[in-house]
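Participant: So the sequence shown is numbered by our numbering: it starts at 12 and just counts up by one.
This is the structure I want to talk about, given as structure tokens.
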Amino acid sequence: MMGMIGLEPTLAAIEAGKDIGLANKETLVCAGRLVMHSARKKGVRILPVDSEHSAIFQCLQGAAGNPIHKILLTASGGPFLGCGREELKHVKKADALKHPNWSMGSKITIDSATLMNKGLEWMEAKWLFDVNDDQIEILIHPESIVHSAVEFADCSVIAQMGVPSMYLPIKYAITYPKRVESGHLSLSLIGKTLHFEQPDEETFFCLKLAKEASRAGGLYPTVLNGANEQAVSLFLEGKIGFLQIGELTERALSLPLEGNAQELQEILAADRRAREAVIMFYEKSRV
12 MMGMIGLEPT
22 LAAIEAGKDI
32 GLANKETLVC
42 AGRLVMHSAR
52 KKGVRILPVD
62 SEHSAIFQCL
72 QGAAGNPIHK
82 ILLTASGGPF
92 LGCGREELKH
102 VKKADALKHP
112 NWSMGSKITI
122 DSATLMNKGL
132 EWMEAKWLFD
142 VNDDQIEILI
152 HPESIVHSAV
162 EFADCSVIAQ
172 MGVPSMYLPI
182 KYAITYPKRV
192 ESGHLSLSLI
202 GKTLHFEQPD
212 EETFFCLKLA
222 KEASRAGGLY
232 PTVLNGANEQ
242 AVSLFLEGKI
252 GFLQIGELTE
262 RALSLPLEGN
272 AQELQEILAA
282 DRRAREAVIM
292 FYEKSRV
């Protein structure tokens with residue numbers, strides 16, 4: 012279940028006392044405080060399914076009592092790694108849907124291309140692992156072998172590696188705390204080189220928007236997510252260009268906003284207003 016639509020079913024499952032294998036990052040982006048509070052109240056475990064968050068979760072096994080100093084959140088960089096803004100002006104839908112490493116749905120593939128997905132994962136990590144914005148660093152890692160890492164107070168870093176396949180994090184969430192054999196997905200590092208670099212937040216400014224919304228808190232992450240979902244939908248329909256995804260999202264974030272994202276109804280209302288704002292700005296741009 013992709014997007015904001017996953018929030019209410021997740022809350023219902025928590026209310027029913029069911030442990031959650033969470034693959035819907037938007038649930039925590041929009042309502043992290045509400046969801047995590049409800050889970051603690053009901054004694055429900057939330058097990059991450061996103062490959063990066065599963066990696067962080069695995070790095071923390073056996074580290075009880077040793078607080079996280081920093082999370083190293085990796086990103087492939089998407090299909091347009093190394094491109095400039097001028098090149099991105101001419102991106103077509105078919106190009107944006109060609110992810111170099113992962114096979115995913117259309118919406119998340121576009122989010123990966125804009126780097127918005129990594130911004131959403133940034134916020135997801137904050138809530139799952141109870142860290143602040145200054146404790147997360149994003150690294151572009153084109154090979155998608157290191158799925159993420161954790162640095163501890165003594166500067167030791169534990170990383171989780173594996174082939175880029177969602178089979179592994181999904182299976183770990185299902186079988187946790189046990190590990191079940193997956194011999195056909197064994198990783199070989201022979202002959203491989205691993206690269207890491209900083210993300211280009213000026214070119215891929217959706218990531219910058221996400222980090223700003225995360226630091227602003229309140230309902231800003233909800234507006235960011237709702238606006239982005241609507242803008243991506245317009246792009247997939249062929250109605251706007253690739254860079255307009257971020258531009259429309261930024262305009263929605265500029266509107267007056269009040270609230271603290273603690274009540275479900277105000278979260279749903281903010282999401283609805285964000286989507287309406289994107290449609291409004293899109294319609295105005297056509298006149």
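Where a beta carbon is used, it is the ideal one built from N, C-alpha and C, also for glycine.
1) What residue does the beta strand (DSSP E) around S159 start on, and which one ends it?
2) Look up E274 in the DSSP assignment and say whether it is helix, strand or coil.
3) If I measure Cβ to Cβ from Y187 and keep anything under 8 Å in the same chain, skipping five residues before and after, which residues do I get?
4) Using a 10 Å radius around the Cβ and a threshold of 16 neighbouring Cβ atoms, would you call Y183 buried or exposed?
5) At the level of alpha carbons, what is the spacing between H152 and L264?
6) At which residues does the beta strand (DSSP E) containing T85 begin and terminate?
7) Can you tell me whether I119 is buried or exposed, with buried defined as 16 or more other CB within 10 angstroms of its CB?
8) Quick check: the Cα distance between S199 and V191, rounded to an integer number of angstroms?
9) Are L218 and M291 touching if we call contact CB-CB under 8 Å?
10) Is it the case that the Cβ atoms of A238 and A280 are separated by a distance below 8 Å?
11) Comparing alpha-carbon positions, which option in G93, G95, I79 lies nearest V161?
12) Evaluate contact between the segment 102 to 112 and the segment 249 to 268, counting only Cβ atoms and requiring at least three cross-stretch pairs below 8 Å.
13) Give the DSSP-derived three-state secondary structure of I147 in the structure shown.
14) Tell me the rounded alpha-carbon separation between N271 and G202.
15) If you measure between the beta carbons of S65 and M134, is that distance less than 8 Å?
16) What's the C-alpha gap between P180 and L99?
17) Which same chain residues end up closer than 6 Å to I121 when comparing Cβ atoms and leaving out the 5 residues on each side of it in sequence?
18) Give me the Cα-Cα distance between I67 and I82, rounded to the nearest whole angstrom.
19) Give me the residue from G54, E154, F246 with the minimum Cα distance to S117.
20) Compare the C-alpha of L205 against each of E277, A170, Q241 and name the closest.
Facilitator: To lay it out plainly:
1) 157 to 163
2) Coil, per DSSP.
3) L58
4) Y183 is buried by the Cβ-count criterion.
5) If you draw a straight line from the Cα of H152 to the Cα of L264, it comes to about 29 Å.
6) 79 to 86
7) buried
8) 19 Å
9) no
10) no
11) The residue from G93, G95, I79 with its alpha-carbon nearest to that of V161 is I79.
12) yes
13) strand
14) 50 Å
15) No.
16) Taking the straight line joining both Cα atoms gives about 32 Å.
17) A107, V243
18) Distance from the CA of I67 to the CA of I82, rounded to the nearest whole angstrom, comes to 8 Å.
19) When only C-alpha atoms are compared, the closest one is F246.
20) A170
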